Each structure stands twice: as C-alpha cells, then as structure tokens.
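J.: Input: one structure, supplied below.
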Amino acid sequence: MSVTGFRHSIKVPRFYKSAAKILVDVKNGGNIKTLIKDVDHPNKRGIMALVLKTLQHSSVIDKLFEQTEILTKEQNINPDLASVLATELIWGKRCLEGESKPVLTVLKYQEKFLQTLSADGLDVEDPNESIWRPRYVRVNTLKQPVEAVVNYFTKRAWKLLDTPDTYPAYLDFIKNNLKEDYFAHDFHFKEMLLFPKGTVFAKNKFFQNGSILLQDKSSCLATQILNPPPGSTVLDMCAAPGMKTSHLAAIMQNQGTIYAVDHDKVRYKTLLETVKRSNLKCVKPVQADVLRFHQRKAAEVEYILLDPSCSGTGMLSRLEYEKAETSEKRLNKLSNLQGKLLRHALTNFPSAKRVVYSTCSINAQENEAVVEEALTHASDFRLVDCSQIFKGWFNFGLSEYSCGPKCLRSVPEKDCTNGFFIAAFERIFG
C-alpha cells in the first residue's frame, strides 16, 4: 500500500506524504537530519518540525487512535499518515489542507480526538509553546561596541527598557514587559540583548555582517565560566558551528589563540563561515579528530571547552524527541563518547588550567554521571563551584549526585532559555 493508503482522485498534499514517509524511516532507525536532506519539497523545515512534533506526541496519538478506534473503523488509512495529520490538526496549524480522503477522514474524528484529550486531562497545547523565551541577540563586540548596537535599534523606534537588579525580578520582567517594539539588556551578560519572541533579523544589516549573533543565553554560560583572559591558548574541542568559539574570541578580545576543532566536514564548513563572518582573528580552525589533536599543540593549551554531541533534549527550537535520539541505546552511546572526550581533556593537556564541560541535554546520564566518572580519572583536577558565578542563579546539578551542587543547569521553564548543563574543572597546583 502507498503511504497515503488510498487510491483517490484527490491526492494527499505532498507535504503530508513527505512527513509520513520520513516518520516511517525514523521509526526504522533513520536519522531525521539525514533524511530531510533528500526530501524534494521547498518547505523542508516545516516537514521536519511536523515529524518531530508527531514523534513527541506519539504516545498520546496511540492512545487517541485506540480510544476512537480510527484505525479499526477506517481500515484503508495508513497509520503513519494518520498520525501526521492528527498532529497537524491538534498540535500544529489546527487545520488540514485539501480534500483528499485521508484528510477528510481525520477531520471527521477531530471532535472525538478533542473530547478524548479533555476526558483524560491531557493538554492540547504543545508543551514547548507554553515555555516563554525571548529572542536572544549577542552583540559581537569584535565588530561593534554594545552601545553602538543599542543606539542603532533605538534610532529605529525600538524602546530600551531598564533591567531589574535582581534575577527573580528580571525573569518576571521579561515575561511581562518584553512586548512589541521593546528590548532590554540581559541580567548577566552586558553584550546580550533581549527582543520579543519571534523577532526577525534576517534582513538586518548588523545580523548580515556578523555584528550581532542569534545565540541563546544558555550557550554563553559555559564560555563565560571558562573565561580565558586575553593572550590565552584555548582548545574548543567540538567547535562547529562556532557560536561558542565566537564568544570565547570576544572574551579574549581577539588576543591569543583558539584552536577550534571539528571532525565533521559539513559542520567544519559552517565553522569556517562563522570565523570569517565574525572577524575571529585569534581562531585557528582545525578539521581533525580531537582525540588525535597534535601533541605539540596540546602542550600549549591552557583552557579547554568541551561541548560534545548530545541528545539535544534541552533545545526547545530543535525539538529533538525522535526515538533514535532518546533511546537507552542512543544515550549509552552518547555518554560513552562524552566520557571519553572529557577524560581526554583532563589527562592529555599538561598545561590546562581549566576545563569546562557542557551539554544542551537534560539527561543526567550525559551530565552529572559523565562528570562523576571523569573525576575518578583526573586526580590533578577538582570541580569548580559554579553556584556563585552568576548573580542570583538558582538552578544547579541534581542533588543525588555528589557533584550536583557545584554544577550549573539552565531550566527552560524557570530561566527562559534552552536547557543546558555546565561543569567546570580546575587543575590543582602545589
């Protein structure tokens, strides 16, 4: 049977057919990022978002289908296409295009779906849409001073609000006051500006020339904790796409050396583009396996940032809920690699003073568990207490781990950022 499940004069829109096909392939072990590249459709981003949303709500969809008996009563409809259509109808655009038989069939069950959700106390709203987050903009101080960028926006009718002087007040303030035509400074980063959610910068000249970067606040926490002074030698172990590399270069005022290493060919190309666009003169890009980083260069490294591949479960914009990303097998594979890289950072760089480990994951298996295991192999290092680095910060590592209170977490529901985890190690001298 075709993915549509019907032979009908009115065809199912290609958007839905493509999403259903990718859904099947992901369930069979495919990687959605690879699969989406081969889709012949102009709205690849929309298809990817719909597939991820379908995977995110898969357990609820299964329950809906079971209780409404749609797959039993409508035996000609393909289950995967039905899942995609139901997701779009309930958690997506809340409408369906065209009048193909599968579309009309799912529309027929709309009221039953909503009644079932209500009866079971399930929320129709997308859980990630209920998490408020501003549009974070980091000023690239290597190209423009913060004041110049602020003046640029105020001259274009944007109104700068005063940032409160306590973190709880700041969080309440940005949720309630950051409306259309208003912007503000971040509480912790003077170079970070906050704009209303959904603000578009694609045609802004400062965005186009690299003077401002769209970077979530959470990904700046690790680089600020590393805080290498100007003139330092730094290793960014998994550097692409280069946003943290760029922030490190700004912290160092473009003085010193940052070895920005990435093994993947495509990601490395993106890294090169970031280096060029952001005026990163102190950055030396290296396409290599960081575990085989040149020994002579390794002896020079004083500061190390390790932000390895992870499940991405803290990233609201990516919605990485696909089974391949969050299965136990996948997490084991990721945590093993993360642990290997962290042990390498702590044991093979004799001049390293500080090492910062971070992930955009909320899973302890990739975070506190990796840190505790690494500490057993690194007697020359101790854990830095990150709890006092950012004024007023109140989210830390999980208390069931001994390292937890000294680690930092950003929590989407509380900090209005992506979810992040950071741990810092410093060498014990004397």
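For the sequence shown, this note's numbering assigns the number 107 to the initial residue and increments by one for each residue that follows.
Note that beta-carbon positions come from the ideal geometry of N, C-alpha and C, so glycine has one too.
Note that the coordinates shown come from a computational prediction; the quantities given were computed from them, not determined experimentally.
#1: Going by DSSP, which residues form a beta bridge with residue 290?
#2: Considering only their Cβ atoms, is the gap separating residue 480 from residue 504 smaller than 8 Å?
#3: So what does DSSP say about residue 188, is it helix, strand or coil?
#4: Considering only C-alpha positions, which residue in the set 203, 324 and 452 is nearest to residue 519?
#5: I think residue 270 touches residue 284, with their Cβ atoms under 8 Å apart; what is that distance to the nearest whole Å?
#6: Whole angstroms are fine: how far does the CA of residue 366 sit from the CA of residue 373?
#7: Taking 8 Å as the cut-off, decide whether the C-beta atoms of residue 415 and residue 344 are in contact.
#8: Verify whether the separation of the beta carbon atoms of residue 273 and residue 497 is less than 8 Å.
#9: Give, in chain order, every unbroken run of the alpha helix (DSSP H) that is at least 4 residues long and sits entirely within the stretch 499 to 533.
#10: With C-beta atoms as the reference, is residue 359 less than 8 Å away from residue 317?
#11: Looking at C-alpha atoms only, which residue of 257, 314, 313 and 315 is the closest neighbour of residue 290?
#12: Which same chain residues, not among the five before or five after residue 314, have their C-beta less than 7 Å away from its C-beta?
#13: Looking at the secondary structure, which residues open and close the alpha helix (DSSP H) in which residue 276 lies?
#14: Using alpha carbons as the reference points, say which of 404, 340, 405 and 349 lies closest to residue 362.
#15: From what residue to what residue does the alpha helix (DSSP H) around residue 308 run?
#16: Can residue 483 and residue 449 be called in contact, C-beta distance under 8 Å?
#17: Please report the straight-line C-alpha distance between residue 121 and residue 445, rounded to a whole angstrom.
#18: Identify, in the order they occur along the chain, each residue of the same chain with its Cβ nearer than 7 Å to the Cβ of residue 211, setting aside the five sequence neighbours on each side.
#19: In the DSSP assignment, what are the bridge partners of residue 449?
#20: From residue 259 to residue 391, what does the alpha carbon distance come to, in whole angstroms?
#21: For residue 239, count neighbouring C-beta atoms within 10 Å of its own C-beta (all shown protein chains included) and say buried if the count is 16 or more, exposed if not.
#22: Could you give the DSSP three-state label for residue 375: helix, strand or coil?
#23: In the DSSP output, which residue or residues are listed as bridge partners for residue 259?
#24: Please look up how many angstroms separate the CB atoms of residue 420 and residue 388, rounded, as I've assumed it's under 8 Å.
#25: The alpha helix (DSSP H) spanning residue 122 covers which residue range?
#26: Suppose only complete runs of 3+ residues qualify. What are the beta strand (DSSP E) ranges in the stretch 323 to 399, listed by chain order?
#27: Can you check which of these residues, 333, 443 and 205, is closest to residue 492 by C-alpha distance?
#28: Would residue 126 and residue 186 qualify as a contact pair, given that the criterion is a beta-carbon distance under 8 Å?
#29: Between residue 248 and residue 346, is the Cβ-Cβ spacing less than 8 Å?
#30: Expressed to the nearest angstrom, what Euclidean distance is found between the alpha-carbon atoms of residue 170 and residue 222?
#31: Going by the beta-carbon positions, is the gap between residue 204 and residue 119 smaller than 8 Å?
#32: State yes or no: is the beta carbon of residue 184 nearer than 8 Å to at least one beta carbon in chain B?
#33: Would you list the residues sitting across from residue 57 in a DSSP beta bridge?
#34: Ordered along the chain, which non-local residues of its own chain (more than five positions away) have a Cβ less than 8 Å from that of residue 195?
#35: Using the Cα positions of residue 264 and residue 300, report the straight-line distance between them to the nearest angstrom.
T.: The structure says:
#1: In the sequence shown, counting from the first residue as 1, residue 290 sits at position 184. Answer is 267 and 300.
#2: Reading the sequence shown from its first residue, position 398 is the one you call residue 504. Reading the sequence shown from its first residue, position 374 is the one you call residue 480. Contact flag unset, no.
#3: Along the sequence shown, read from residue 1 onward, the residue named residue 188 stands at position 82. Three-state result, residue 188: helix.
#4: Walking along the sequence shown from the start, residue 519 turns up at place 413. When each option's Cα is compared against that of residue 519, the closest is 324.
#5: As a working mapping, residue 270 is identified with position 164 in the sequence shown. As a working mapping, residue 284 is identified with position 178 in the sequence shown. Not confirmed; about 12 Å, so no contact.
#6: Residue 373 sits at position 267 when you count from the first residue of the sequence shown. Residue 366 sits at position 260 when you count from the first residue of the sequence shown. Between residue 373 and residue 366, the C-alpha separation is close to 12 Å.
#7: Stepping through the sequence shown from its first residue, residue 415 is reached at position 309. Stepping through the sequence shown from its first residue, residue 344 is reached at position 238. Cβ distance < 8 Å, so residue 415 and residue 344 count as in contact.
#8: Taking the sequence shown and counting its residues from 1, the one referred to as residue 273 is at position 167. Taking the sequence shown and counting its residues from 1, the one referred to as residue 497 is at position 391. For residue 273 and residue 497, yes; Cβs fall inside 8 Å.
#9: 518 to 521
#10: Start at 1 with the first residue of the sequence shown, and residue 359 comes out as number 253. Start at 1 with the first residue of the sequence shown, and residue 317 comes out as number 211. Contact: no.
#11: On the sequence shown, position 184 is the one that residue 290 refers to. Of the candidates 257, 314, 313 and 315, the one whose C-alpha sits nearest the C-alpha of residue 290 is 257.
#12: Within the sequence shown, residue 314 is the residue found at index 208, counting from 1. Cβ within range, chain order: n/a, list empty.
#13: Locating residue 276 in the sequence shown gives position 170, counting from the first residue. Counting along the chain, the alpha helix (DSSP H) containing residue 276 begins and ends at 273 to 283.
#14: Here residue 362 refers to the residue found at position 256 when the sequence shown is read from its first residue. Selected option, being the one with the closest Cα: 340.
#15: Within the sequence shown, residue 308 is the residue found at index 202, counting from 1. First-last for residue 308: undefined, no H or E at that position.
#16: Within the sequence shown, numbered from 1, the residue matching residue 483 stands at position 377. Within the sequence shown, numbered from 1, the residue matching residue 449 stands at position 343. Yes, Cβ-Cβ distance for residue 483 and residue 449 is below 8 Å.
#17: Mapped onto the sequence shown, residue 121 falls at position 15. Mapped onto the sequence shown, residue 445 falls at position 339. So the alpha carbons of these two residues sit roughly 40 Å apart.
#18: Within the sequence shown, residue 211 is the residue found at index 105, counting from 1. Within the same chain, residue 211 has close Cβ partners 180 and 183.
#19: For this step, residue 449 is matched to residue 343 along the sequence shown. Paired residue(s): none; residue 449 is not in a bridge.
#20: Reading the sequence shown from its first residue, position 153 is the one you call residue 259. Reading the sequence shown from its first residue, position 285 is the one you call residue 391. So the two alpha carbons sit approximately 33 Å from each other.
#21: Numbered from its first residue, the sequence shown carries residue 239 at position 133. Buried is the call here.
#22: Taking the sequence shown and counting its residues from 1, one reaches residue 375 at position 269. DSSP places residue 375 in helix when its eight states are reduced to three.
#23: Translated into positions along the sequence shown, residue 259 becomes position 153. According to DSSP, residue pairing for residue 259 in a beta bridge does not occur.
#24: Position 314 of the sequence shown, counted from the first residue, corresponds to residue 420. Position 282 of the sequence shown, counted from the first residue, corresponds to residue 388. The pair is not a contact, with the Cβ atoms about 29 Å apart (cut-off 8 Å).
#25: By 1-based counting over the sequence shown, the position of residue 122 is 16. Note, residue 122: alpha helix (DSSP H), 120 to 133.
#26: 339 to 342, 363 to 368 and 389 to 393
#27: Sequence index remark: in the sequence shown, residue 492 carries index 386 (1-based). With respect to the C-alpha of residue 492, the residue from 333, 443 and 205 having the closest C-alpha is 333.
#28: Here residue 126 corresponds to residue number 20 of the sequence shown, with the count starting at 1. Here residue 186 corresponds to residue number 80 of the sequence shown, with the count starting at 1. Yes.
#29: Position 142 of the sequence shown, counting from 1, holds the residue named residue 248. Position 240 of the sequence shown, counting from 1, holds the residue named residue 346. Cβ distance not < 8 Å, so residue 248 and residue 346 don't count as in contact.
#30: For this step, residue 170 is matched to residue 64 along the sequence shown. For this step, residue 222 is matched to residue 116 along the sequence shown. Their backbone Cα atoms lie some 7 Å apart in a straight line.
#31: In the sequence shown, the residue the question calls residue 204 occupies position 98. In the sequence shown, the residue the question calls residue 119 occupies position 13. For residue 204 and residue 119, yes; Cβs fall inside 8 Å.
#32: In the structure shown, chain B cannot be found, because there is only a single protein chain.
#33: No information on residue 57 is available, as it lies outside the stretch 107 to 536 that the chain covers here.
#34: Residue mapping note: residue 195 aligns to position 89 of the sequence shown, counting from 1. The residues are 201, 202, 212, 213, 216 and 219.
#35: Within the sequence shown, numbered from 1, the residue matching residue 264 stands at position 158. Within the sequence shown, numbered from 1, the residue matching residue 300 stands at position 194. So the two alpha carbons sit approximately 12 Å from each other.
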